[in-house]
Amino acid sequence: MSSVKLTIMFVICIIACMTPLIVAQCPSSNNARCSVWLQGGFCGSNFYTTLQKQFYCGTQCGLC
Numbered sequence: 073m074s075s076v077k078l079t080i081m082f083v084i085c086i087i088a089c090m091t092p093l094i095v096a097q098c099p100s101s102n103n104a105r106c107s108v109w110l111q112g113g114f115c116g117s118n119f120y121t122t123l124q125k126q127f128y129c130g131t132q133c134g135l136c
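Residue numbers for the sequence shown follow my numbering, beginning at 73 and rising by one.
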């Protein structure tokens, strides 16, 4: 099998395996400090990953 095909298969596998984890990262309620973090620019910050934003303030950041 060519390296291109292996790479494509690997990428598809990663996407398929990670999708349930990403969807599962939105808790039913957000962190109590989320409103304070929002005022500090949490949702637009490049310091935090999308998964962190989704977990801590997903609804308020528009990620859920």
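Just so it is clear, CB atoms sit at the ideal spot from N, CA and C, and this is done for glycine as well.
- When rounded, the separation of the alpha-carbon atoms in residue 113 and residue 100 is 22 Å.
- In the DSSP assignment, residue 107 falls within the unbroken alpha helix (DSSP H) covering 106-111.
- Distances from the alpha-carbon of residue 107 to those of 119, 129, 136, 134 put 129 closest.
- In this chain, the alpha helix (DSSP H) harbouring residue 123 covers 122-129.
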